[in-house]
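Worksheet: one structure, shown below.
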Amino acid sequence: HALEHDLRGALEGRQFHLVFQPQVRLDTSELTGFEALLRWNHPTRGLVSPAEFIPIAEENGLIVPIGEWALRAACATAASWPDVAVAVNLSPVQFRSRGLVAMVTNALAEAGLPPRRLELEVTETALLDDSEATIEILHQLRALGVRVSLDDFGVGYSSLSYLRKFPFDRIKIDRSFVGTLGESPESIAIVRTIASLGAVLGVETTAEGVETVEQLDFVRECGCTAVQGYYFGKPCPTAEVRGVIERLS
Ligand code: G
Ligand code: G
Ligand code: MN
Ligand code: NA
701 HALEHDLRGA LEGRQFHLVF QPQVRLDTSE LTGFEALLRW NHPTRGLVSP
751 AEFIPIAEEN GLIVPIGEWA LRAACATAAS WPDVAVAVNL SPVQFRSRGL
801 VAMVTNALAE AGLPPRRLEL EVTETALLDD SEATIEILHQ LRALGVRVSL
851 DDFGVGYSSL SYLRKFPFDR IKIDRSFVGT LGESPESIAI VRTIASLGAV
901 LGVETTAEGV ETVEQLDFVR ECGCTAVQGY YFGKPCPTAE VRGVIERLS
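The opening position of the sequence shown corresponds to residue 701 in full-length UniProt numbering, with each subsequent residue numbered one higher.
Okay, structure coming up:
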């Protein structure tokens with residue numbers, strides 16, 4: 701696979717960068733943080749979507765060093781911001797690698813970023829094996845003072861038992877539901893249900909993929925506590941983050 705070959709040299713070739721998408725709380729419309737999203741600028745193909753290269757990197761294990769680079773870069777960048785958080789995605793494969801907790805501890809210390817300003821986003825697939833070891837790692841990460849959110853909730857193997865087994869700080873409602881609120885009664889019911897569940901459990905609920913004011917009003921009315929989506933801002937390069945912070949605070 702040509703892409704796999706090129707991926708092997710991408711870290712050394714400094715071909716990755718991060719973009720940042722604002723996250724906003726719904727009660728005050730305040731900016732609370734940014735999600736860091738990885739971008740690969742391939743020397744001949746141009747930008748390759750993470751949806752394309754992350755599965756390859758997970759397959760061959762490269763996601764471990766690439767994910768470490770992303771976390772360190774995100775912490776270092778966020779350390780220069782005012783008091784807003786940065787959210788970083790963790791691949792399930794990183795959970796099975798050794799030394800994840802030590803790596804996170806070290807990345808925070810090196811950047812001088814207070815742990816409460818880091819949020820780690822994990823998908824249900826990370827929890828699928830449901831092992832004691834995974835739960836233990838999640839507890840250790842949380843004990844550091846970082847927050848942990850459950851990403852892409854509602855798709856895939858969603859199991860409510862995850863929410864009981866591990867105290868997440870946030871549930872992120874997958875954007876496929878928000879995007880179909882206008883035409884799908886099922887999506888409406890699902891967003892309402894997840895928001896209620898979050899309220900009962902005392903867990904924040906972020907509606908992802910909010911693009912229109914109608915969607916914004918709807919997810920607020922459902923009881924979601926935060927939003928992320930093009931309505932408040934697309935993922936932007938580091939240099940534009942300052943401007944977004946000024947616009948949204
Ligand atoms: O930004 P975009 O919508 O193209 O991202 C596509 C997918 O890639 C999303 O599911 C997102 O979670 C994932 N992704 C983006 N950056 C990272 C990263 O640094 N690590 C991991 N594991 N996934 C990421
Ligand atoms: O899977 P995860 O939630 O980590 O990935 C977030 C992805 O969703 C990012 O790649 C981002 O580009 C994309 N995204 C964020 N907001 C919107 C939106 O409002 N509309 C669409 N279509 N995609 C979005
Ligand atoms: Mn995410
Ligand atoms: Na998501």
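Just so it is clear, CB atoms sit at the ideal spot from N, CA and C, and this is done for glycine as well. Computed from a predicted structure; not experimentally measured.
Take Arg-707 as the anchor and find which of Glu-735, Leu-718, Thr-732, Pro-765 has the nearest alpha-carbon. For the record, residue 707 in the displayed sequence is Leu; it is not Arg. That would be Pro-765, whose Cα lies nearest to the Cα of Leu-707.
Separation of His-705 from Phe-795, as counted between CA atoms: 24 Å
Going by DSSP in three states, Thr-744 sits in which element: helix, strand or coil? coil
Closer than 7 Å by C-beta to Asn-760: which residues in its own chain qualify, once you throw out the five before and the five after it? Chain order, please. Glu-704
Just to confirm, does residue 1020 get its C-beta within under 7 Å of one of the non-hydrogen atoms of ligand 1? This structure gives no information on residue 1020, because the portion of the chain shown stretches from 701 to 949.
Is there at least one non-hydrogen atom of ligand 1 closer than 7 Å to the beta-carbon of Leu-790? yes
Would you mind giving the Cβ-Cβ distance between Glu-735 and Ala-787, rounded to the nearest angstrom? I have them listed as a contact below 8 Å. 4 Å
Please classify Ala-774: does DSSP put it in a helix, a strand, or coil? helix
Does DSSP put Thr-905 in a helix, a strand or coil? strand
Mind checking whether the beta-carbon of Gly-854 lies closer than 7 Å to any heavy atom of ligand 5? Ligands displayed in this structure: ligand 1, ligand 2, ligand 3 and ligand 4; ligand 5 is not among them.
Taking the alpha-carbon positions, what's the Met-803 to Ala-774 distance? 13 Å
Limits of the unbroken beta strand (DSSP E) element including Arg-847: 847 to 853
For Arg-870, write down the residues that DSSP places opposite it in a beta bridge. Ser-849, Glu-904
List, from N- to C-terminal side, the alpha helix (DSSP H) runs of 4 residues or more that fit wholly inside the segment 894 to 943. 913 to 922
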